[in-house]
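Comments concern the structure below.
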Amino acid sequence: MKPATRAIHVAQSPDPATGAVAPPLYLTSTFRLPTVDSTVAGYDYTRSGHPGRDTLQEVVASLDDAAHAFAFSSGLAAEDTLLRAVLRPGDTVVFHRDTYGGTFRLLTRVYPEWGVNTVAVDLADTAAAAAQLARLRPRLVWAESPTNPLLEILDVAALAEATHAAGGALVVDNTFATPVLQQPLALGADAVVYSTTKYMGGHSDVVGGAVVVNDPALAERLAFLTNAVGNAAAPFDSRLTLRGIKTLVTRVRAQSASALWLAEQLSAHPAVTEVIYPGLDTHPGHALAQAQLHGGFGAMITLRLRDAAAARALAEGTELFTLAVSLGAVESLIEYPYTMTHAATQGTAQQVADNLVRLSIGLEDPADLLEDLTRALG
Ligand SMILES: *Cc1c(COP(=O)(O)O)cnc(C)c1O
């Protein structure tokens, strides 16, 4: 089956007991046991597992053509569980200098307290990065592509090769591209993480995360930790995320097409200094994006304005675009990374520029979105 079909049918069929087409929502904390050492269907307590989470995990794994997926209460809970599963005191983690602010905070403010060294490296320059990895010998390399907020394209296959040569494992945060456009495991990555809050959920109504892996030993460790730590996705959250995923393929393709059109239109606007979008041939990673992404270049656009005042005025001046953190939903959002998503990088070498505005293109008619932006740009 193709991805759009899998999103709707994998692990999902009418309920045999009632014929309900939408599967039952099991709002229960605990499950009756037939005997002291058996279960009815493999479930005993919802922290340890429940049917809605299992269905969600099967669908997410299927979309990445992977053996295992784990669903968590947030993207950061997913990241934290993966880091705990792999790292030991004394290990080094290398991350790209342009990384999601929450990941940056987790890596630089939490893990060093547990004896983990975290080092920012320019992973966009693959040859230089390979030399650094060979020297640092990291246990993990953490990459996003496209990156946030600069939408750089990292060469996942080349990074996987360099990481493995240095004796480490490559993690790709695939939140922006989604499995619809990019499949990091097929490119050689060892684990994929998602904030399912974004495109997978897609409707700004649920927070969640996922880790996707093929390695059975890592999968066992993730399953153990999820139960031990207690950060699994809850029944209602799993259900909302699963509903979002049913339309993921269609949404991502449509939103990417709108984003490409808007990026082209905005490139001609005199008040925009630079339109950063991997689908434009002016983007330095355009050729790599064409090879690595399939069916679109994503629905995120970053604009560079004349200065901070112009960026703030745009972020606060739109009507259809809502000023809010997050991304990937049906409604278009606008944000100012310097004080919002990337505030944690202020004062560090990873600080983002103060003249950037990030757009998440939703499912509205792109002509209306352009009119809104044009009006706000003045
Ligand atoms: C939002 C986001 C996260 C964190 O996910 P939460 O669900 O907010 O915990 C991680 N990575 C990227 C790229 C994100 O956009």
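Counting from 1, position 98 in the sequence shown corresponds to residue 128 in our numbering; the numbering is continuous, with no gaps.
From the three backbone atoms N, C-alpha and C, an ideal C-beta is built for every residue, glycine too.
Since the structure is predicted, the reported quantities are computational estimates derived from the model, not experimental observations.
Which residues DSSP lists as bridging residue i, in chain order
| i | result |
| --- | --- |
| residue 330 | 390 |
| residue 98 | 243 |
| residue 203 | 174, 223 |
| residue 262 | 102 |
| residue 75 | 60 |
| residue 364 | 353, 389 |
| residue 151 | 126 |
Endpoints, beta strand (DSSP E) assigned at residue i
| i | result |
| --- | --- |
| residue 225 | 221-225 |
| residue 126 | 122-126 |
| residue 305 | 302-306 |
Residue range of the unbroken alpha helix (DSSP H) whose run includes residue i
| i | result |
| --- | --- |
| residue 144 | Unbroken run through residue 144: none, as it is neither H nor E. |
| residue 397 | 396-407 |
| residue 267 | 265-276 |
| residue 245 | Neither: residue 245 is in no alpha helix (DSSP H) and is coded neither H nor E. |
| residue 134 | 131-135 |
| residue 215 | No alpha helix (DSSP H) contains residue 215, which DSSP labels as neither H nor E. |
| residue 316 | 316-322 |
| residue 39 | 33-39 |
| residue 337 | Unbroken run through residue 337: none, as it is neither H nor E. |
| residue 92 | 81-93 |
| residue 162 | 156-166 |
| residue 236 | Looking at the DSSP string, residue 236 is not in any alpha helix (DSSP H), and its letter there is neither H nor E. |
| residue 182 | Run containing residue 182: none; DSSP gives neither H nor E here. |
Rounded distance between the beta-carbons of residue j and residue i, thought under 8 Å
| i | j | result |
| --- | --- | --- |
| residue 392 | residue 285 | 7 Å |
| residue 326 | residue 388 | Residue 326 to residue 388, Cβ: 18 Å. No contact. |
| residue 390 | residue 357 | 4 Å |
| residue 241 | residue 108 | 5 Å |
| residue 89 | residue 51 | So it is not a contact: roughly 16 Å between Cβ atoms. |
| residue 111 | residue 102 | 6 Å |
| residue 95 | residue 212 | 12 Å between Cβ atoms; not a contact. |
| residue 402 | residue 332 | Actually they are not in contact, since the Cβ atoms of residue 402 and residue 332 sit about 17 Å apart, beyond 8 Å. |
| residue 221 | residue 190 | Actually they do not touch by this definition, with Cβ atoms about 11 Å apart. |
| residue 399 | residue 292 | 6 Å |
| residue 366 | residue 341 | 6 Å |
| residue 274 | residue 231 | 4 Å |
| residue 305 | residue 407 | Contact doesn't hold; Cβ gap of about 12 Å is too wide. |
| residue 105 | residue 239 | 4 Å |
| residue 73 | residue 81 | 7 Å |
| residue 168 | residue 146 | With a Cβ gap of about 10 Å, residue 168 and residue 146 do not count as contacting. |
| residue 159 | residue 195 | About 11 Å; that fails the 8 Å criterion. |
| residue 210 | residue 279 | 5 Å |
| residue 184 | residue 177 | 7 Å |
Status (buried if at least 16 other CB within 10 Å, exposed otherwise) for residue i
| i | result |
| --- | --- |
| residue 66 | exposed |
| residue 234 | buried |
| residue 75 | exposed |
| residue 31 | exposed |
| residue 381 | exposed |
| residue 268 | buried |
| residue 362 | buried |
| residue 70 | exposed |
| residue 203 | buried |
| residue 294 | exposed |
| residue 323 | buried |
| residue 175 | buried |
| residue 351 | buried |
| residue 93 | buried |
| residue 33 | buried |
| residue 172 | buried |
| residue 337 | exposed |
| residue 288 | buried |
| residue 254 | exposed |
| residue 266 | exposed |
Check: residue i C-beta below 8 Å from any heavy atom of ligand 3
| i | result |
| --- | --- |
| residue 105 | This structure lacks ligand 3; its bound ligands are ligand 1. |
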